[in-house]
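Notes follow the structure.
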Amino acid sequence: MRSNALVAVIALGLVSLIAVTATAAERRPAPKDAYAYIGWPNDGEVVTGRFKVWLGLRNFGVAPSGIDRPNTGHHHLIIDRDLPPLDEPIPNDRNHVHLGGGQTETYLELPPGRHTIQLLMGDFDHVPHDPPVTSKRITITVR
């Protein structure tokens, strides 16, 4: 009886360990001097309606999602949120805009008010790099 309980506890522990290991994604390396930036709009900018956002990188390249090349990734705009967990794929919703085709610019349409925007690069599978390649977070006002 005792040995059955011990086997059950060990099996449960192994299943838990496998589940935790499976949820943590492998992060691709990035150069320590790589960084992303938002070229427009500028921090503090006032915009109206639908506006263009253009993005840039230094010491790093752009590749569409699904393409696994060293020192490359694709842009994700994080809108009105903190950065997501860095060991998981970046969510895909209205606050986490994927530019998986390798785009370096896009248009946004946000409701009137103050908003924050930050750029986070994801690898071929939408997982942030190590170290993460990010821009500074900017604040804009939509009128």
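Residue numbering for the sequence shown follows this note's numbering, starting at 1001 and increasing by one per position. For glycine and all other residues, C-beta sits at the position ideal for the given N, C-alpha and C. Source: prediction; values computed, not measured.
Quick one: complete beta strand (DSSP E) runs, 3+ long, within the segment 1070–1139? List check, beta strand (DSSP E) in window: 1072–1079, 1096–1098, 1105–1109 and 1113–1122.
So Y1037 and V1133 are supposed to be a Cβ contact under 8 Å. How far apart are they, rounded? Taking the first residue of the sequence shown as 1, we reach residue 1037 at position 37. Taking the first residue of the sequence shown as 1, we reach residue 1133 at position 133. Actually they are not in contact, since the Cβ atoms of Y1037 and V1133 sit about 10 Å apart, beyond 8 Å.
Excluding the five sequence neighbours on either side, which residues of its own chain have a C-beta within less than 7 Å of the C-beta of L1120, listed in chain order? Working through the sequence shown from its first residue, we reach residue 1120 at position 120. The residues are H1076, I1078, L1083, I1090, P1128, P1132 and T1134.
On a Cα-Cα basis, can you pick out the residue from R1114, N1092 and G1073 that is closest to R1028? Counting from 1 along the sequence shown, the entry for residue 1028 is found at position 28. The residue with the shortest Cα to Cα distance from R1028 is G1073.
Beta-carbon proximity of N1071 to G1061, cut-off 9 Å: As a working mapping, residue 1071 is identified with position 71 in the sequence shown. As a working mapping, residue 1061 is identified with position 61 in the sequence shown. Cβ atoms of N1071 and G1061: closer than 9 Å.
Since I1138 and T1104 should fall inside the 8 Å C-beta cutoff, what is the C-beta to C-beta distance between them, to a whole number of angstroms? Locating residue 1138 in the sequence shown gives position 138, where the first residue counts as 1. Locating residue 1104 in the sequence shown gives position 104, where the first residue counts as 1. Not quite, the Cβ-Cβ distance comes to about 17 Å (not below 8 Å), so this is no contact.
With a threshold of 8 Å (Cβ to nearest heavy atom), would K1136 be considered close to the ligand HEM? Here there are no bound small molecules, and the ligand HEM is not part of this structure.
Kindly indicate which three-state DSSP category P1029 falls into: helix, strand or coil? Reading the sequence shown from its first residue, position 29 is the one you call residue 1029. Residue state, collapsed to three classes: strand.
First and last residue of the uninterrupted beta strand (DSSP E) at F1051: Your numbering for residue 1051 matches position 51 in the sequence shown. DSSP places F1051 inside the beta strand (DSSP E), whose first and last residues are R1050 to R1058.
What does DSSP give as the partner residues of A1036 in its beta bridges? As a working mapping, residue 1036 is identified with position 36 in the sequence shown. A1036 pairs with L1057.
Looking at V1142: is its Cβ nearer than 9 Å to the Cβ of G1044? On the sequence shown, position 142 is the one that residue 1142 refers to. On the sequence shown, position 44 is the one that residue 1044 refers to. One thing to note: V1142 has its Cβ no nearer than 9 Å to the Cβ of G1044.
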